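In the working numbering, the protein residues as written are 5 to 143. Just so you know, even glycine gets a beta-carbon here, dropped at the ideal spot from N, CA and C. Predicted model only: the values in this text are computed from it and were never measured. Below you'll find the structure, written out as structure tokens, and then a few comments.
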């Protein structure tokens, strides 16, 4: 049986994996939604690729930030909460804008929701980074 201190990296690794899988799943779902909602004409294909990259970029940032091992379980929990928050914001907004109340201006959410997601990513991962640095110091 492992001591409780040795179990913490296993827990943090599992939480990191869950956050990365959620970011990957939401990135794929968002890409699928953008492709499904796109008007596939020759002139808009480059613009669609730019919008697709913009919409998926917050999830890629979180997945890349969680790539390295973190020593603090609390910091990984904050990163998981950040992932859940930005994924929930996007899922709710995209479902309402495209399926519940479709509107001609609904496509604008593809430009503005990633901006708010980036704000959430910077704040959430900034807090996680500060928590990660805090654990290295004596209380």
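In the pairwise beta carbon analysis, the stretch 50-61 is classified as touching the stretch 25-40: at least three pairs are separated by under 8 Å. Each of 26, 18, 34 was checked against the Cα of residue 115, and the nearest Cα belongs to 34. Contact between residue 70 and residue 20 holds, since their C-beta atoms are separated by about 5 Å, short of 8 Å.
Between the alpha carbons of residue 90 and residue 111 lies a gap of roughly 18 Å. Cβ neighbours of residue 31 within its own chain (closer than 7 Å, five residues either side excluded): 60, 63, 64. Sixteen is the threshold: since fewer than 16 other Cβ atoms of the shown chains lie within 10 Å of the Cβ of residue 109, the residue is exposed. The Cβ atoms of residue 95 and residue 117 do not sit closer than 8 Å to each other.
Beyond the five residues adjoining it in sequence on each side, residue 82 comes within less than 7 Å, by CB distance, of 128, 131, 132, 135 in the same chain, given in chain order.
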